[in-house]
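**Q** Encoded as structure tokens, here's the structure I'll be asking about.
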Amino acid sequence: MLVRSPLSLTHGLLGTVAYDFGGNSKPVYALEGSVAVAGSGVKYFRARRYPSEDNGGCVFVTAFSGLFAPYWIDDAKGTIFGITQHTQRGHIARATLEAVCFQTKAILDAMEKDSGHSLSSLAVDGGMSNSNLSIAAGFAVEVWKEFSELRAINQKDRKVFNPDISPEESEKMFKKWTRAVEMCKGWLDPDERGDF
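Counting from 1 along the sequence shown, just add 149 to a position and that's the residue number in the numbering used here.
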């Protein structure tokens with residue numbers, strides 16, 4: 150989320166300068182939330198090709214190095230709940246993908262709370278998506294003055310994802326994952342703790 154002035158953040162997000170090209174331009178700030186090991190967790194299962202249409206009742210909190218935004222729980226550990234004798238590798242792979250979605254939803258909810266604005270769309274970067282350096286370069290040489298100008302031109306190869314489950318089912322799954330987050334805390338003794 151881009152804003153013209155820094156916000157007071159109280160819901161586990163990070164504030165950062167999105168871009169500032171000097172001269173007469175003013176800095177544009179962003180709200181940021183990091184999902185740790187999202188891409189590497191997915192890559193692990195993708196390399197093993199374990200497809201599944203559902204999670205088989207599994208919930209995975211991918212806190213391999215603690216749990217990042219908006220929770221910031223350094224003693225959280227990766228945990229899988231709901232495993233039965235019928236659980237297959239594909240169910241865990243699917244739960245891994247869902248974990249990224251759920252943590253992203255938690256970050257977006259925090260952004261709405263901190264900014265007071267609802268989000269209608271989301272652009273992403275990082276290991277699970279492709280980023281285009283030429284866009285940043287275009288800002289630097291003032292091809293574009295405002296980020297909103299890109300909406301009209303940055304359409305090629307853009308992927309839009311829409312949910313294929315109901316909002317009620319999505320919320321039910323998110324609440325279950327949130328309970329799992331609470332249960333993954335406290336796996337380190339106080340003398341084992343480190344800093345993020």
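Every residue gets a Cβ at the ideal spot worked out from N, C-alpha and C, and that includes glycine. Just so you know, these numbers come straight off a predicted model, no measurement behind them.
Am I right that Ala244 and Val208 are in contact with their C-beta atoms under 8 Å? What's the rounded C-beta distance?
**A** The Cβ separation is near 6 Å, so the contact holds.
**Q** Which same chain residues end up closer than 7 Å to Pro219 when comparing Cβ atoms and leaving out the 5 residues on each side of it in sequence?
**A** His160, Gly161, Leu162, Gly182, Ala255, Ile256 and Ala259, listed in sequence order.
**Q** In three-state DSSP terms, what is Leu246?
**A** It is helical.
**Q** With respect to the alpha helix (DSSP H) encompassing Phe209, which residues constitute its N-terminal and C-terminal limits?
**A** Per DSSP, Phe209 belongs to no alpha helix (DSSP H); it is in the beta strand (DSSP E), Val208 to Val210.
**Q** To the nearest angstrom, how far is the alpha carbon of Leu156 from that of Thr165?
**A** Between Leu156 and Thr165, the C-alpha separation is close to 10 Å.
**Q** Does Gly335 pass the burial test, meaning 16 or more other C-beta atoms within 10 Å, or should it be called exposed?
**A** Gly335 comes out exposed.
**Q** Alpha carbon to alpha carbon, what distance is there between Ala225 and Ala212?
**A** In a straight line, the C-alpha of Ala212 is about 6 Å away from that of Ala225.
**Q** Can you have a look at Gln237 and say buried or exposed, based on whether 16 or more other CB atoms are within 10 angstroms of its CB?
**A** So Gln237 ends up on the exposed side.
**Q** Helix, strand or coil for Ala225? Go by DSSP, reduced to three states.
**A** Note: Ala225 maps to coil in three-state DSSP.
**Q** Consult DSSP for Leu180 and reduce its assignment to one of helix, strand or coil.
**A** Three-state DSSP puts Leu180 in a strand.
**Q** Going by C-alpha to C-alpha distance, which of Cys333, Leu337 and Asp338 sits closest to Thr228?
**A** Among Cys333, Leu337 and Asp338, the Cα nearest to that of Thr228 is on Cys333.
**Q** Check this for me: beta carbons of Ala248 and Val210, under 8 Å apart or not?
**A** Yes, they are a contact pair.
**Q** Could you pull out every residue in the same chain whose Cβ sits closer than 7 Å to the Cβ of Leu268, ignoring the five residues on either side in sequence?
**A** For Leu268, where only same-chain residues beyond five positions count, the Cβ hits under 7 Å are Met150, Leu257, Met260 and Glu261.
**Q** Going by Cα to Cα distance, which pick from Ala179, Ile222, Pro316 and Val177 is closest to Leu337?
**A** Checked all of Ala179, Ile222, Pro316 and Val177; the closest Cα to Leu337 is Ile222.
**Q** Just how far apart, CA to CA, sit Pro176 and Asp169?
**A** Looking at the two C-alpha atoms, the distance is approximately 4 Å.
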